[in-house]
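Asks:
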Amino acid sequence: MLLSIGKHRTFEHTVRAFSADLFRFALWLCRDRFVAEELVQETFSRAWSAWESLRDPGNPKPWLMRILRNEHARLYERKRLDYCDEEIEDLAISDNRSLAGEFEIGQLIDSLPLSLREPFLLQTLGGFTCAEIAEQLEISEGAAMVRLTRARQALRGLVAGDDAPRRRRRGNDRG
Amino acid sequence: MFHCLDFRRAKLADPTRLPGEARKHLAACRACQDFARKVDADDKRIAAALQVAVPEGLAERVLLRARSRRLRPAWRLMAVAATVVLSIGIGLKTWLPAAHQDYARFAIEHVLHEPEALSSHRLADPREFGTVLARFGGELQAPVGKVRYMKLCPVPGGTGWHIVLDTEHGTATLLLIPGRDRSAGSVEARLRGFAATARRAGAGWYAIVTESPQSRDAIDALMQRRVSWRI
């Protein structure tokens with residue numbers, strides 16, 4: 000009985016502490032407020048059922064986000080992405096650009112493919128390291144770093160509408 | 000040797016956790032300092048944009064649902080005039096045997112298992128209902144009722160939508176079941192005072208559960224008249 004009360008209290012505390020973060024993560028994944036709330040509901044429902052399997056009660060966030068990601072994947076049939084995780088050394092970094100105005104940022108994030116959006120959200124919303132993201136996504140740390148780099152490149156590149164270095168053209172424009 | 004390109008890759012991969020080599024390079028390179036400032040400024044704006052408003056009362060609704068699932072036995076029901084359960088299946092794992100009469104019985108059991116849906120009010124945007132139907136292969140030609148509750152639920156074959164409607168023939172819960180069972184026609188079931196019809200439609204089957212065969216048939220006819228299904 001006492002153990003049960005403790006579990007209920009801990010669960011309640013967890014819901015209050017993390018439901019907002021989970022909602023935001025779900026929303027940026029699925030881009031639908033209604034579905035996002037459902038995902039959060041299902042996440043906590045599953046979390047309650049599997050509460051004893053939580054290995055680190057002091058830090059349930061990674062576990063909850065993993066459940067949510069699985070629920071999201073279950074909801075939408077996930078096609079196997081033909082995504083090539085090049086070594087980070089092979090990535091060329093374009094020249095300095097600035098991000099769009101804030102009102103466009105949400106649309107830019109929306110436009111990222113899921114393969115980039117998901118690790119990006121795990122990092123920016125979840126606060127996870129590259130190693131933790133790699134573990135969540137079941138990819139190598141190098142692959143996680145490539146995707147994160149690509150995500151930021153894409154966000155910066157989408158503003159200008161192209162992704163090729165434009166040093167030559169800028170030089171001509173000035174002339 | 001650690002170059003500017005190496006730094007930029009590291010910075011873009013994880014702006015706040017630079018490895019030692021990158022930090023050392025940053026200290027000595029003005030161009031990379033400038034690059035780092037821009038990335039940090041971008042990330043700050045992104046972080047702000049990601050902090051969207053959370054629905055009011057979300058935590059409370061999560062806790063309420065958790066409590067109601069813990070406290071209410073599956074067989075206890077709130078009294079309702081009529082219930083139609085509509086659920087759109089998105090996952091496509093086959094669960095039930097091909098016997099389609101099980102879908103009608105399943106729908107009744109689902110209603111029995113989630114009595115809180117009958118007493119909850121969770122008004123959905125009518126456009127959401129139309130979108131949900133469209134995803135399941137149904138085009139809404141005219142309103143079938145006012146949506147009072149809409150929720151995703153596990154159903155045979157994956158995940159579906161559980162919807163409660165106020166129709167001209169009474170309150171209804173509607174369930175869409177994903178499935179590859181291509182049997183034509185419809186099947187019926189009666190259980191514990193409920194009557195159900197399951198009909199092949201769209202990406203699977205829809206089932207209507209009511210408290211009387213008459214309202215069930217009337218609502219089924221309504222669905223057939225007002226929704227065009229792609230089969």
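Respectively, the protein sequence lines represent chains U and X. Under numbering that gives the first Met the number 0, the first residue of the first sequence carries the number 0, and numbering increases by one thereafter. Under numbering that gives the first Met the number 0, the first residue of the second sequence carries the number 0, and numbering increases by one thereafter. All C-beta atoms in this analysis are idealised placements derived from N, C-alpha and C, irrespective of residue type, glycine included.
1. Among residues of its own chain, excluding the 5 on either side of His-168 (chain X), which ones have a beta-carbon nearer than 6 Å to its beta-carbon?
2. Indicate the three-state DSSP secondary structure (helix, strand or coil) for His-12 (chain U) in the structure shown.
3. Can you find a CB in chain X that lies within less than 7 Å of the CB of Leu-80 (chain U)?
4. Going by C-alpha distance, which of U:Arg-146, U:Ser-18, U:Trp-27 and U:Cys-29 is nearest Ala-46 (chain U)?
5. In the structure shown, what three-state DSSP assignment does Pro-59 (chain U) receive?
6. List, in order along the chain, the chain X residues whose C-beta lies closer than 8 Å to that of Glu-11 (chain U)?
7. Does the CB of Trp-47 (chain U) have a neighbour CB from chain X at under 7 Å?
8. So what's Leu-173 (chain X) in DSSP terms, helix, strand or just coil?
9. Kindly indicate if chain X contains any beta-carbon less than 7 Å away from that of Asp-94 (chain U).
10. Could you tell me whether the Cβ of Thr-158 (chain X) comes closer than 7 Å to any Cβ of chain U?
11. So which residues on chain U does Asp-39 (chain X) lean against when the C-beta distance must stay under 7 Å?
12. Is any non-hydrogen atom of the ligand ADP found closer than 6 Å to the C-beta of Lys-37 (chain X), if you look at the structure I gave you?
13. Taking Cβ-Cβ distances shorter than 7 Å, what residues in chain X pair up with Cys-129 (chain U)?
14. According to DSSP, simplified to helix, strand and coil, what is Ser-211 (chain X)?
15. Arg-229 (chain X) and Gly-159 (chain X) - do their beta-carbons sit closer together than 7 Å?
16. Please identify, using Cβ separations under 8 Å, the residues of the region 40-56 of chain X that lie next to chain U, in order along the chain.
17. Which whole-angstrom value describes the C-beta separation of Arg-32 (chain U) and Leu-26 (chain U), a residue pair presumed to lie in contact below a C-beta threshold of 8 Å?
18. Could you work out which residues of chain X lie near Ile-4 (chain U), taking near to mean beta carbons separated by less than 9 Å?
Replies: By the coordinates alone:
1. Ser-214, Ala-217 and Ile-218
2. helix
3. Legend: pLDDT at Leu-80 (chain U) = 48, less than 50; position of this residue unreliable, no value from coordinates given.
4. U:Ser-18
5. coil
6. Leu-62
7. yes
8. strand
9. With a pLDDT of 49 at Asp-94 (chain U), under the threshold of 50, the predicted position of this residue should be treated as unreliable, though the coordinate-derived value follows. So no, Asp-94 (chain U) is outside the interface.
10. yes
11. Ordered by position in chain U, no residue passes the 7 Å Cβ test against Asp-39 (chain X), which lies about 11 Å from the chain.
12. This structure simply doesn't include the ligand ADP, nor any ligand for that matter.
13. Ala-12 and Asp-13
14. coil
15. no
16. Ala-40, Asp-41, Asp-42, Arg-44, Ile-45, Ala-46, Ala-47, Ala-48, Leu-49, Gln-50, Val-51, Val-53 and Pro-54
17. 6 Å
18. Correct list: empty, because the minimum Cβ distance to chain X is about 13 Å.
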